[in-house]
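K.L.:
Sharing a structure here in structure tokens format.
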Amino acid sequence: MPLYKNGSFVQDAWTTIREGEAISPAGHVIAPLAWWQAERQAFDQSHVPIGVLIEPGASIDDFIADLPRLAVIALVIPKFQDGRPYSMARLLRERHGYKGEVRATGEVLIDQIQPMLRCGFDAFEITDPITQAALEAGRIPGVAHFYQPGVNEAPQPGARPWLRQAGR
Amino acid sequence: MYRYDEFDAAFVADRLNQFSDQVQRRLSGELTEEQFRIHRLMNGVYLQLHAYMLRVAIPYGALSPRQLRKLAHIARRYDKGFGHFTTRQNIQFNWPALKDIPEILGELASVEMHAIQTSGNCIRNVTADHFAGAAADEIEDPRPYAEILRQWSSIHPEFTYLPRKFKLALSGAPHDRAAIQVHDIGYQLVKNEAGETGFAVYVGGGLGRTPMVGHKIRDFLPTKDLLAYTQAIVRVYNLEGRRDNKYKARIKILVHEKGFEAMRDAVEAEFAADKSDLLALPQNEIARISAYFAPPALTERPADSQALKARRARDPAFAGFVDVNVAKHRQDGYGLVTISLKPIGGIPGDATAEQMELVAELAEKFGHDEIRVSHEQNLVLPHVALDDLPAVYDALRAQGLATANAGLISDIISCPGMDYCSLATARSIPVAQRISERFADGPRAREIGAMKIKISGCINACGHHHVGHIGILGLERKGVETYQLTLGGSGDESCTLGDITGPGFSYEDVVDAVETVVDAYMGLRASPDEDFLSAYRRVGMAPFKKALYERDSGSDI
Ligand code: SF4
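Chains as they are written, first to last, in our numbering: chain A, 1 to 168; chain B, 1001 to 1557.
In structure tokens:
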């Protein structure tokens, strides 16, 4: 599946598995949260990169202890109108200082890329061909002025304190 | 009035370009109708029964004459010559063509207006007391805080896809004219024991199918924490609110199902966990925004106006208008003039282009350039010298705008109902018109006194019938309209939901039923000073039930 990251499409080094499938000892696997929790002991001694797949009903508290161990957190967007992953991404970045990849998977569409970036997502699995074409052409629709701070946006001198303007 | 700076203007221009691009992509087929629907709603564009409807935000109800003239121009040029003021300080145009909408949004942007977030599952237009900055009982002006909330909530990246719409309202006075307890969040400015200003915070109010009065979640929130606390509430809601059923998706249901204490604890925990100071409002920023709302320089005048007295003495209609439509200003010699958009037998909230232009002109001549839109669908001139009232009255009368019924029985809130709304189960505007004709705005209406009638054309309750002193809900039973009455509702600081009287009434009989309730009240009130709501709270439902349902069996109340 095409993966958009840091402004371009890149080779996806990760495989997402379903519950019941084996987590490869070589890692680079994104596993459903429950599956990872059931299997994690096998990886106690290993440092292979692991990711988890988080459904929007989950709470960060369910895997907060694992954050240092996780290289990818893939947040499922079941429908593009589901706003829960936006809050989760911000909490991961701002509250928990998570530095790994926060990936969007599911119904990821072009008009949601900008707000997702502003909430701290940095990788996007793209299935929609129109979204893919727009991203390939470098067209991310959105606005260039923001009334609230976003993740990793430097404060603008002189701007209202609650306001941050993205450096685009 | 708030004035856009370069940043605000650039933001609205950005948004307009973004929307025009979305319209283009919809036309070229790049966006499906379902995808486009979400975007057009977030820019205030609805598809109604007969046509597209554009809903324009009037943040906290404040308008300048220039803005009102622009709305008049839009009504004339792109619509059928009128606009409709809503119960949430918005104006709706019911007949624009989709192709014209980007152009209309451009016209609005030229006067610092927009339609951003007047619909959709996001934080909606922030509303406030329409008497803000002028009322005699005000603690502090809520508009600067409403403006700060407006800015912060605009295209908020985290809160654009909430489970459902989300409405904020603010009041700066102990008497709540903004119905804050039936909003998702209500902020009430208060003073603490140390004399500092802050907010009492209410959460989880709302009408609709499952009406609920908001819970007070905080007695005192320092003003600097306004945004951080709002973020905490909305974040808990965004993460935990139901998304499986749109009728159970509002925050009121979350509060109800989770339990108020658990909700309060979750919000407080989220608020406490946010250690960043990013959203803290510095005092100088509050002061900077507040400066835009500095009261106009009103020259000192005697408390009694001779011109007013003289005209009163010889013109009872004028006297009636002043008694009913002019409220006490905090400065002697001035009044707040309510311009009723409820002409007898008319459509509540409608105003023609000519009427809007007249109000703009009066605001320039006599009103220090300020106009307000109330959630009761009227307009207000907040700073008029009592000496000028005769001239203002005469001008209003010439345009059919001097209906003397503010707060009286014919000042009815009604949703559009069957006439415009595809969800309606009954007519509501014609019921409002018939009640208005029955009681009018003369001595009888004044004799009845303070009375809020609110009418909805289906259980979605856009007419707020649950908080009407008399509420009317139009339903459909076996293909026939039937109207349920509720009594004793109130949307102010004593917020209460009305009680259902019993079986409904037919379209033909509903006005008689209202009259029966009114007559029963007149017969039982302790004195002419005891208004309907107070009387109802004293005696309860029984006498009204009796009057309504035992008439035929010989009772003669
Ligand atoms: S209450 Fe019902 S009929 Fe009236 S505007 Fe709302 S949805 Fe339409």
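We put the beta carbon where it would ideally sit given N, CA and C, even for glycine.
1) Along the alpha helix (DSSP H) that carries B:T1197, what are the first and last residues, could you check?
2) Within the 7 Å Cβ cut-off, does B:R1538 reach chain A?
3) Is the CB-CB distance between B:G1198 and B:T1223 below 7 Å?
4) Going straight from the alpha carbon of A:L3 to that of B:E1034, what length do you get?
5) Would you mind telling me which residues of chain B sit closer than 8 Å to A:Q81, beta carbon to beta carbon, in chain order?
6) So which residues on chain A does B:P1102 lean against when the C-beta distance must stay under 7 Å?
7) Does B:L1047 get closer than 7 Å to chain A when you measure Cβ to Cβ?
8) Can you check whether the C-beta of A:A137 is within less than 7 Å of a C-beta belonging to chain E?
9) Pick from B:L1149, B:A1385, B:L1221: whose alpha carbon is nearest that of B:E1196?
10) List, in chain order, every chain A residue whose beta-carbon is nearer than 7 Å to that of B:L1108.
11) I want to verify the contact list: residues of chain B whose CB lies under 7 Å from the CB of A:L109, in sequence order.
12) Beta-carbon separation of A:G106 and A:P78 under 7 Å?
13) Between which residues of its own chain and B:G1241 is the CB-CB distance below 8 Å, once the five residues before and five after are set aside?
14) Measuring alpha carbon to alpha carbon, tell me which residue in B:E1508, B:L1548, B:L1298 is nearest B:Y1334.
15) Quick one: does B:H1114 have its CB under 7 Å from some CB of chain A?
16) Going by DSSP in three states, A:G167 sits in which element: helix, strand or coil?
17) Output, in sequence order along the chain, the residues in the region 91–116 of chain A whose CB is closer than 7 Å to any CB in chain B.
18) Please list, in chain order, the chain B residues whose beta carbon lies closer than 7 Å to that of A:H145.
19) Does B:S1553 come out as helix, strand or coil in the three-state DSSP assignment?
20) Below 7 Å between beta carbons: does that hold for B:I1459 and B:R1209?
21) If you follow the alpha helix (DSSP H) that A:T131 is in, where does it begin and where does it stop?
22) Run down chain B in chain order and give the residues with a C-beta less than 7 Å from the C-beta of A:I130.
23) Decide if B:H1183 is buried, meaning its Cβ has at least 16 other Cβ atoms within 10 Å, or exposed.
24) Whole angstroms is fine: what's the gap from B:T1352's alpha carbon to B:L1358's?
25) Counting only beta-carbon atoms, is B:Q1018 nearer than 7 Å to chain A?
26) Taking the alpha helix (DSSP H) that B:D1219 belongs to, which residues open and close that run?
27) Would you please verify whether the beta carbon of B:E1257 is less than 7 Å from any beta carbon of chain A?
28) How is the alpha helix (DSSP H) around B:E1033 delimited, first residue to last?
29) Between which two residues does the alpha helix (DSSP H) carrying B:I1253 extend?
30) Residues in the same chain with beta-carbon distance under 7 Å from A:L92, minus the five sequence neighbours each way, listed in chain order, please.
31) Which residues in the same chain have their Cβ closer than 6 Å to the Cβ of B:F1318, if we skip the five residues on either side of it in sequence?
32) Name the DSSP beta bridge partners of A:K5, please?
33) Taking 7 Å as the CB-CB cut-off, is A:Y86 touching chain B?
34) Locate the alpha helix (DSSP H) running through B:E1240, then write down its first and last residues.
35) Please go through the same chain and pick out, in chain order, the residues whose beta-carbon is closer than 7 Å to the beta-carbon of B:R1243, but skip the five residues on each side of it.
36) Under 7 Å, do B:T1501 and B:A1547 count as touching if we go by C-beta distance?
P.N.:
Judging by the given coordinates:
1) Per DSSP, B:T1197 belongs to no alpha helix (DSSP H); it is in the beta strand (DSSP E), 1197–1203.
2) For B:R1538, no CB of chain A lies under 7 Å from its own CB, so it is not counted at the interface with that chain.
3) yes
4) 25 Å
5) Ordered by position in chain B, the residues that pass the 8 Å Cβ test against A:Q81 are I1038, N1121, Y1161.
6) Within 7 Å Cβ-Cβ: nothing; B:P1102 doesn't reach chain A, min ~15 Å.
7) So no, B:L1047 is outside the interface.
8) Absent from the structure: chain E. Protein chains present are A and B.
9) B:L1221
10) By Cβ distance, chain A contributes nothing, its closest Cβ being about 17 Å from B:L1108, past 7 Å.
11) Q1035
12) Cβ atoms of A:G106 and A:P78: closer than 7 Å.
13) L1162, P1163, R1164, A1249, R1250, I1251, I1253, L1254
14) B:L1298
15) Not one chain A Cβ lies under 7 Å of B:H1114.
16) Annotation note: pLDDT 43 at A:G167 (below 50); position unreliable, coordinate value reported separately. A:G167 falls in the coil class under three-state DSSP.
17) Those would be E94, R95, L109, D111, P115, in chain order.
18) F1007, A1010, F1011, D1014
19) Low confidence applies to B:S1553: its pLDDT is 49, below 50, so where it sits in the model is not reliable, and the reading given next is rough at best. If DSSP states are grouped into helix, strand and coil, B:S1553 belongs with the helices.
20) yes
21) 129–136
22) E1030
23) buried
24) 10 Å
25) Yes, because at least one Cβ of chain A sits closer than 7 Å to the Cβ of B:Q1018.
26) Counting along the chain, B:D1219 falls outside any alpha helix (DSSP H), though it belongs to the beta strand (DSSP E) covering 1215–1222.
27) no
28) 1033–1042
29) Unbroken alpha helix (DSSP H) run through B:I1253: 1251–1258.
30) If we look at A:L92 and ignore the five residues flanking it on each side, its Cβ neighbours are I60, I73, Y98, V102, G120.
31) R1311, Y1393
32) A:S8, A:A123
33) A:Y86 counts as touching chain B.
34) 1226–1240
35) P1163, A1249
36) no
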